[in-house]
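Asks: Each residue of the sequence shown is one higher than the one before, counting from 473 in our numbering.
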Amino acid sequence: RTLAAAGRLPSAVAKMQTALPRYPQHAGIALLFPDLLQADGQLQAAVAAYRVALQIGAESADGWFGAGCAHLALNASGVAAACFGRAVALTPRSGPAHYNLGKSLFNLGHIEAAVSAFARAEPLDPQITDMAQASIACIIPGDPRADHLTVLQARRRWADTTARGLVPLNAC
Numbered sequence: 473r474t475l476a477a478a479g480r481l482p483s484a485v486a487k488m489q490t491a492l493p494r495y496p497q498h499a500g501i502a503l504l505f506p507d508l509l510q511a512d513g514q515l516q517a518a519v520a521a522y523r524v525a526l527q528i529g530a531e532s533a534d535g536w537f538g539a540g541c542a543h544l545a546l547n548a549s550g551v552a553a554a555c556f557g558r559a560v561a562l563t564p565r566s567g568p569a570h571y572n573l574g575k576s577l578f579n580l581g582h583i584e585a586a587v588s589a590f591a592r593a594e595p596l597d598p599q600i601t602d603m604a605q606a607s608i609a610c611i612i613p614g615d616p617r618a619d620h621l622t623v624l625q626a627r628r629r630w631a632d633t634t635a636r637g638l639v640p641l642n643a644c
């Protein structure tokens with residue numbers, strides 16, 4: 473982790489490759505390795521490493537979240553949705569897991585489920601509230617449950633949040 477934090481990802485990956493055979497059942501090492509691969513942009517290798525790591529640390533919400541992120545980056549939205557679904561099941565109060573589940577579901581064309589996932593994410597993490605509201609505002613017209621008033625309310629909530637802190641210019 474120290475090497476990765478210092479921006480020396482290739483060195484960190486190499487160190488992990490030597491540690492893995494020595495500690496083949498160590499969940500922490502097994503789960504850190506694919507995280508490092510993903511951070512280094514080695515997405516295919518990360519996906520393969522998550523597959524192995526999650527056999528050891530199957531109850532790791534972070535592992536399932538990381539695997540979902542790698543699959544989402546590879547446009548494998550179906551697998552990503554399954555991974556994020558598992559992460560949500562393990563940590564139901566994770567805003568990022570709900571949000572990324574929503575992104576995956578949207579990519580699959582499951583608008584209703586995506587809106588629901590974004591709505592669950594919104595109150596859980598202040599850092600993603602704006603993104604969740606923007607996502608809802610953009611896709612909610614495709615949700616068959618949403619009538620005109622619901623669409624308007626979602627878009628106004630997003631606009632109010634976006635406009636918070638803006639100072640209007642005085643007209644000349």
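We treat Cβ as the ideally placed atom computed from N, Cα and C, and that holds for glycine.
#1: Classify I600 as helix, strand or coil using the three-state DSSP reduction.
#2: Below 8 Å on the Cβ atoms is my contact criterion, and I expect E594 with A606 to pass it. Report the Cβ-Cβ distance as a whole number of Å.
#3: Taking only the alpha-carbon atoms, compute the straight-line gap between L596 and Y522 and give it to the nearest angstrom.
#4: For the alpha helix (DSSP H) containing V587, name the first residue and the last one.
#5: In chain order, what residues of the same chain lie with their CB nearer than 6 Å to the CB of R592, ignoring the 5 residues before and after it?
#6: Count the other C-beta atoms from every protein chain shown that fall within 10 angstroms of the C-beta of A553, then say buried if there are 16 or more, exposed otherwise.
#7: Which full runs of the alpha helix (DSSP H) of 4+ residues lie inside the stretch 536-583, going along the chain?
Replies: Looking at the atomic coordinates:
#1: As a working mapping, residue 600 is identified with position 128 in the sequence shown. Looking at I600 - three-state DSSP - the assignment turns out to be coil, as it is neither helix nor strand.
#2: One-based indexing of the sequence shown puts residue 594 at position 122. One-based indexing of the sequence shown puts residue 606 at position 134. Their Cβ separation, rounded to whole angstroms, is 10 Å, which puts E594 and A606 out of contact at 8 Å.
#3: As a first step, residue 596 must be located in the sequence shown, where it is residue number 124. As a first step, residue 522 must be located in the sequence shown, where it is residue number 50. Cα to Cα, L596 sits roughly 26 Å from Y522.
#4: On the sequence shown, residue 587 is found 115 positions in, with the first residue counted as 1. Here the alpha helix (DSSP H) through V587 covers I583 to A593.
#5: Locating residue 592 in the sequence shown gives position 120, where the first residue counts as 1. The residues are H570.
#6: Position 81 of the sequence shown, counted from the start, is the residue given in the question as residue 553. By the neighbour-count rule (16 or more Cβ atoms within 10 Å), A553 is buried.
#7: 549-562 and 567-579
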